[in-house]
Amino acid sequence: MLYKLDNSIMSCYTPLVIDKTLEKLGLRDEEIKTFLFLLENGEQTAGNLAKKTGLSRPSLYGFLKKLEGNGLVVESLKDGIKTFLAVSKEKIDALLNQKIEELNRSKSDIEKLFATVQTGKITTSPKFQFFEGVEGVQYVLKDMLLYRDIKTKAYWPTKTMLDLLSEDFFYQLNKERIKRHIYTQSIWPSSQKVDIKKYPYMETGEKFFRERKIAPKEADFSMGYWIYENKVAFISSKKECFGFIIESKEFAEMMSSQFDIVWKISKPISPVDDEHTKKFLEEIDK
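Here you go:
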């Protein structure tokens, strides 16, 4: 991928290839559209970007912030006006190399896991894993993605979790969860409801592999847990920023029974089912 998409480059890199490459960096369609416009047209103001791309300015600022956070776009001040510029080829190469290194580390971890299984070192004894920091807490939830075609239960303070782990993390997590057919029964506190149009990946329904209810008002909580297989993953709020996984059949069954009691007295929530949620499902199929 190069800085300017001239004819010679476009003959080697089709728009689909470029889109897929950027998607692997965790970008959404609108963010990819914004980045490619800057790549092809050079430095732009937010106003000009909005006009040329057809994206609204409020949304565009969010996309630019994400691109800046990923190191793909830089912001500068020119004659008192903010402008935005796509980074160089070398910077993009560095980002891709970083992703490759992360994948290699993940591959190594999987190989170690299978080696442990094959040598019989994994037993049925209860296990406890503790993690600190945002990356550690993200790992706690990603553990669930090792499974497919399972049913899970989540006692989930959504706003708290979004604040701790970010919208982009949950966008990707739910995308992968749905791909793996991981069904979730989810209970939210009434104080933690979010606008599904803003967070379409939080939608409920058969295609989203999620059923959701709102807990009674007196059942408020800031720490969440997720039950899957014989494991229970606990996540704290941003204030303490830690998580842990307990692997124990008896403990998982006990937590599941307690969850079921609250589930019975909680209020069901109907799907929103609008263009935002439909678009998210379309993105999963790409």
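Numbering (UniProt numbering), first residue to last: 1 to 286.
Beta carbons are placed, not taken as given, at the ideal position from N, Cα and C, and that holds for glycine.
All values reported here derive from a predicted model rather than from experimental measurement.
query: Proximity below 8 Å, CB of residue 73 to CB of residue 64; result: yes
query: Inter-residue Cα distance where the pair is residue 201 and residue 277; result: 7 Å
query: DSSP beta-bridge partners of residue 47; result: Residue 47 pairs with nothing; no bridge assigned.
query: Pair within 8 Å by beta-carbon distance, residue 233 and residue 144; result: yes
query: Whole-angstrom distance between residue 68 and residue 254, CA atom to CA atom; result: 45 Å
query: Span of the beta strand (DSSP E) around residue 148; result: Residue 148 -> no beta strand (DSSP E), and no H or E assigned at all.
query: Supposed close pair residue 156, residue 186 - CB separation, criterion 8 Å; result: 5 Å
query: Sequence-distant residues of the same chain with beta carbon closer than 6 Å to residue 3, five excluded per side; result: Here residue 3 scores only 34 on pLDDT, less than 50, and its place in the model is too uncertain to base an answer on.
query: Cutoff 7 Å; reference residue 83; Cβ partners in own chain excluding five residues on either side; result: 43, 44, 45 and 76
query: Three-state class that DSSP yields for residue 200 in the structure shown; result: helix
query: Residue 245 - partner residues in DSSP beta bridges; result: 129 and 233
query: Start and end residues, beta strand (DSSP E) containing residue 81; result: 81-86
query: Best match in 110, 48, 41 and 59 for proximity to residue 31 [C-alpha to C-alpha]; result: 59
query: Where residue 14 falls, given that 16 or more other Cβ within 10 Å makes a residue buried; result: Legend: pLDDT at residue 14 = 44, less than 50; position of this residue unreliable, value from coordinates given subsequently. Exposed: under 16 other Cβ atoms inside 10 Å.
query: Whole-angstrom C-beta distance between residue 129 and residue 158, which should lie under 8 Å; result: At roughly 24 Å, the Cβ-Cβ gap does not stay under 8 Å, so residue 158 and residue 129 are not in contact.
query: Under 8 Å between C-beta atoms of residue 163 and residue 66; result: no
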